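Peer 1: Shown below is the structure under consideration.
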Amino acid sequence: MKLTHRKIVELCPRAPFNFDATMRKPDHFPSSDNAWQPGIRWQTMRWNSEQLGLKFENTGTVGEPNIRLSIWSKNKLDSSFIDALTVEVTYRYNLQLDLTEFNRRFRSDLKFAPILRKWRGMRPLSYSSLYEYLMIAIVLQNCTVRRSVNMLQALFEHYGMSLAYDDKVLYTFWLPEEIDQSTEDELRALKVGYRAKSIKRVTAAFVNGQIDELALRTQSRDEQRAALLRLYGIGPQSVSYILTDQFHRWDEFEHVSPWEQKIYSKLFFDKNPERPVSVAKLLRFFNRRFAGYRALAVHYIWEDLFWKRTHRSAKIDWLEKLIRL
DNA sequence: CATCAGGGCCCTG
DNA sequence: CAGGGCCCTGAT
Numbered sequence: 003m004k005l006t007h008r009k010i011v012e013l014c015p016r017a018p019f020n021f022d023a024t025m026r027k028p029d030h031f032p033s034s035d036n037a038w039q040p041g042i043r044w045q046t047m048r049w050n051s052e053q054l055g056l057k058f059e060n061t062g063t064v065g066e067p068n069i070r071l072s073i074w075s076k077n078k079l080d081s082s083f084i085d086a087l088t089v090e091v092t093y094r095y096n097l098q099l100d101l102t103e104f105n106r107r108f109r110s111d112l113k114f115a116p117i118l119r120k121w122r123g124m125r126p127l128s129y130s131s132l133y134e135y136l137m138i139a140i141v142l143q144n145c146t147v148r149r150s151v152n153m154l155q156a157l158f159e160h161y162g163m164s165l166a167y168d169d170k171v172l173y174t175f176w177l178p179e180e181i182d183q184s185t186e187d188e189l190r191a192l193k194v195g196y197r198a199k200s201i202k203r204v205t206a207a208f209v210n211g212q213i214d215e216l217a218l219r220t221q222s223r224d225e226q227r228a229a230l231l232r233l234y235g236i237g238p239q240s241v242s243y244i245l246t247d248q249f250h251r252w253d254e255f256e257h258v259s260p261w262e263q264k265i266y267s268k269l270f271f272d273k274n275p276e277r278p279v280s281v282a283k284l285l286r287f288f289n290r291r292f293a294g295y296r297a298l299a300v301h302y303i304w305e306d307l308f309w310k311r312t313h314r315s316a317k318i319d320w321l322e323k324l325i326r327l
């Protein structure tokens, strides 16, 4: 589908705002609903029954941030739609996050302060709706990066829609209603394996109104956690990502998966990943050092590591061994 | 060729 | 609460 109408709005994130470190997350697996180059992110969005092509352009600096957001659509959009969309984007992309206290708190942390300075103004975020993030979480489970990429791409091609705008062709996600009628066998044909059941059941929960993203946003962290864990196929690992990225819980850090355990052991204790530090010890360490901002601090450390990996010619050997592509 | 574990989660005992 | 099974894929 070709998107022909274009509207432009200006967004003013709260300073400090690091555009590229926010709009590009090298630890995410590549997916065809978005594209990035320095200073620009393209992102499709399925929202309020419109298929949208977004383009974020950096027109400011870390200290004086400004974004030009172009919104492509098939139908002409009225100003109330644009206003509501701006509110939603501001929430999802965390544009008003106040990092003052966080930055002050770790200014004198010898090991962490340099990373903080380097990525000053970066924030975790979700580019997606909760439903879409859950789909991403499901295709991440128990497989290699390449397989996650293939599964999501197959789902896009089967249930999503490709949008042409600004010389890009990118896919949007489907709505829960659009995949709800398909059978588990149809999904399995896309090689998602046993995840078909999770996709079906999470989708059904949205169609039946058992879960509502906007309502959840106003609830407590424990209520959010419980609601997510109630979904079939969604466990502690997926929930920890979602609580941080989607619901902005900056101190959410209750779970360390085996591969993360190896990476933290190497980073903070310089331990051979073959003989990692125990999860209990890691949790105690993060508790003491980053209390109040555990998820946010870990995000900075994690992104720093993956930026080095992706945007630097010299590979980090021990890390390469832990990432199966 | 066969075997195995992976950026989890569910279910069972 | 530990451990087996699950789909498929690439590595060995």
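FYI, in the working numbering the residues of the first sequence are 3 to 327. Using N, Cα and C, we set each Cβ at its ideal position, and we do this for glycine too. What you are looking at is a predicted structure, and each value in this text was computed from that prediction instead of being measured.
1. Since Val279 contacts Phe288 with CB under 8 Å, what's their CB separation in whole angstroms?
2. Under DSSP, the alpha helix (DSSP H) around Asn152 begins and ends at which residues?
3. Would you list the residues sitting across from Ser167 in a DSSP beta bridge?
4. What are the complete alpha helix (DSSP H) segments, minimum 4 residues, inside the segment 38-104?
5. For His301, which of helix, strand or coil comes out of DSSP?
6. Across the segment 21-31 and the segment 73-83, are there enough close Cβ pairs to call them in contact, namely three or more that are closer than 8 Å?
7. Please state the DSSP three-state secondary structure of Val204.
8. On the CB-based measure, 16 or more other CB atoms within 10 Å of its CB, does Asn50 come out buried or exposed?
9. Could you say which of Phe58, Trp261, Phe208 lies nearest to Leu321 if we only look at CA atoms?
10. Do the CB positions of Asp247 and Ile117 come within less than 8 Å of each other?
11. May I ask you to report which of helix, strand or coil DSSP gives Val141?
12. Check the C-beta distance from Arg227 over to Val204 and give it rounded, since I have them as a contact under 8 Å.
13. Which residues in the same chain as Asp168 place their Cβ atom closer than 8 Å to its Cβ, once the five residues preceding and following it in sequence are excluded?
14. Classify Asn20 as helix, strand or coil using the three-state DSSP reduction.
15. Quick one: grab the DSSP three-state call for Arg197.
16. Mapping DSSP to helix, strand and coil, what is Asn289?
17. Go ahead and pull the three-state DSSP assignment for Val1.
18. Would you grab the beta carbon distance between Ser267 and Leu172 for me? Rounded to a whole angstrom, and I think it's under 8 Å.
19. Have a look at Gln155 and Asp80 and give me their C-alpha separation to the nearest angstrom.
20. What did DSSP end up calling Lys4 once you bin it into helix, strand or coil?
21. By Cβ distance below 6 Å, which residues in the same chain neighbour Met153 in space, the five residues on each side in sequence not counted?
22. Can you give me the C-alpha to C-alpha distance between Ser150 and Phe31, rounded to a whole angstrom?
Peer 2: With the given structure in hand:
1. Not really, about 11 Å apart at Cβ, beyond 8 Å.
2. 147-161
3. Correcting the residue type first, residue 167 is Tyr in the shown sequence and not Ser. Tyr167 is bridged to Lys170.
4. Annotation: the segment 38-104 contains the following complete segments of the alpha helix (DSSP H) (minimum length 4 residues), in chain order: 81-94.
5. Under the three-state reduction of DSSP, His301 is assigned to helix.
6. no
7. helix
8. exposed
9. Checking every option, the nearest Cα to that of Leu321 belongs to Trp261.
10. no
11. helix
12. Beta-carbon to beta-carbon, Arg227 and Val204 are separated by about 16 Å, too far to satisfy the 8 Å threshold.
13. These residues qualify, in order along the chain: Trp44, Gly55, Lys57, Ser72, Trp74.
14. coil
15. helix
16. helix
17. Because the chain here runs from 3 to 327, residue 1 falls outside it and cannot be looked at.
18. For Ser267 against Leu172, the beta-carbon gap comes to about 38 Å, at or over 8 Å, which does not count as contact.
19. Roughly 32 Å between the two C-alpha positions.
20. strand
21. Result list for Met153: Val141, Val194, in chain order.
22. Our two residues, Ser150 and Phe31, have alpha carbons roughly 8 Å apart in a direct line.
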